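To start, the structure under review is shown below, and the notes come after it.
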Amino acid sequence: MRRTRLIRLLRAAFVAGAMVGALALPAGAAAGRADHDGDGLSDRYERNRTLTSPYRIDSDGDGVRDGAEDPDRDGLSNREERRAHEDHRDEDSDDDGLDDAEDDQDCDGLENATELQVRTSTLDDDSDDDGLDDADEDYDDDGASNDEEEQEGTDPDDEDSDDDGDEDGDDEDADDDGEDDDDEEDEDSDDPSCEDDEDEDDD
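For what it's worth, our numbering labels the leading residue of the sequence shown as 6, then goes sequentially.
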């Protein structure tokens, strides 16, 4: 009888411990999104893609977090490459002549780097499904579209990029380069893979 009682107690303790352990796991850990070292890359991605340590925030000890490293020097960090579905070891993942940061995978007129900055999808030309391409959206609500800000060299995440008191949409020269913003606008994507889409739009 004692043995049966002891077994029941042990089972109850095991079940309780398992439940507490499951509750203590970080959100998404069961789905493979755990990031034990907090470097911005999931443990699974570090083990399988970047081959960095999921338990060391800076695997190579160079003072830069693994997620912020840019080993292929294409302008996108490892974390951004993961979000953009690009290869962190190849500066031109699709071999189109443009660095991954300059690619426009969804042909919406915004480069990957800009899409990541304004938190839109690099694979969906209308990330919020409101009927407007991401390029036509105005993320910082300054009167200039994301595309206009990209072309003018202003910050689509800052309503007054040059801090002169005028919102970028009202500023004649928002990036202070001496050239009128209207002369800098170019709504077409530079990504050669988007040329067919642009030709269809022109018809």
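We put the CB at the ideal spot given by N, CA and C, even for glycine.
Everything numeric in this text was worked out from a predicted model, so none of it was measured.
Take Gly43, set aside five residues on each side of it, and the residues of its chain with a beta-carbon closer than 7 Å to its own are Ile62, in chain order. Around the beta carbon of Gly114, 16 or more other beta carbons lie within 10 angstroms, which makes this residue buried. Taking a cut-off of 8 Å for Cβ pairs, the region 85 to 95 and the region 113 to 133 touch, as three or more such pairs fall below it.
Look at Tyr60 here: in three-state DSSP terms it is coil, with no helix or strand label.
In terms of Cβ geometry, Arg84 and Leu46 form a close pair [threshold 9 Å].
Three or more pairs of CB atoms, one per stretch, sit closer than 8 Å, so the region 62 to 82 contacts the region 95 to 103. Restricting attention to Arg52, Thr55, Asp65, Glu116, the CA atom closest to the CA of Gly158 is found in Glu116. Contact annotation: Pro59 and Ala73 have beta-carbon atoms that are not nearer than 9 Å. The beta carbon of Asp163 sits closer than 7 Å to the beta carbons of Asp145 from its chain, once the five residues preceding and following it are set aside; these are given in chain order. If you look at Arg84, you'll find it in the alpha helix (DSSP H) that goes 83 to 89. Scanning the region 89 to 120 from its first residue to its last, no whole beta strand (DSSP E) run of 3-plus residues comes out. The alpha-carbon separation between Asp48 and Leu103 amounts to approximately 29 Å.
Cα atoms of Asp160 and Arg16: separation of roughly 58 Å, rounded to the nearest angstrom. Considering only Asp130, Tyr50, Ala149, Gln156, the residue with the shortest C-alpha distance to Asp173 is Ala149. Counted as a single uninterrupted DSSP element, the alpha helix (DSSP H) harbouring Asn151 occupies residues 151 to 157. When secondary structure is reduced to three states using DSSP, Ser166 falls in the coil class, being assigned neither helix nor strand. When secondary structure is reduced to three states using DSSP, Gly72 falls in the helix class.
Classified as exposed, Glu184 has fewer than 16 neighbouring CB atoms from the shown chains inside 10 Å of its CB.
Residue state for Ser198 is assigned as helix, using DSSP reduced to three classes. Each residue's CA atom was taken as its position, placing Val69 and Thr57 some 12 Å apart.
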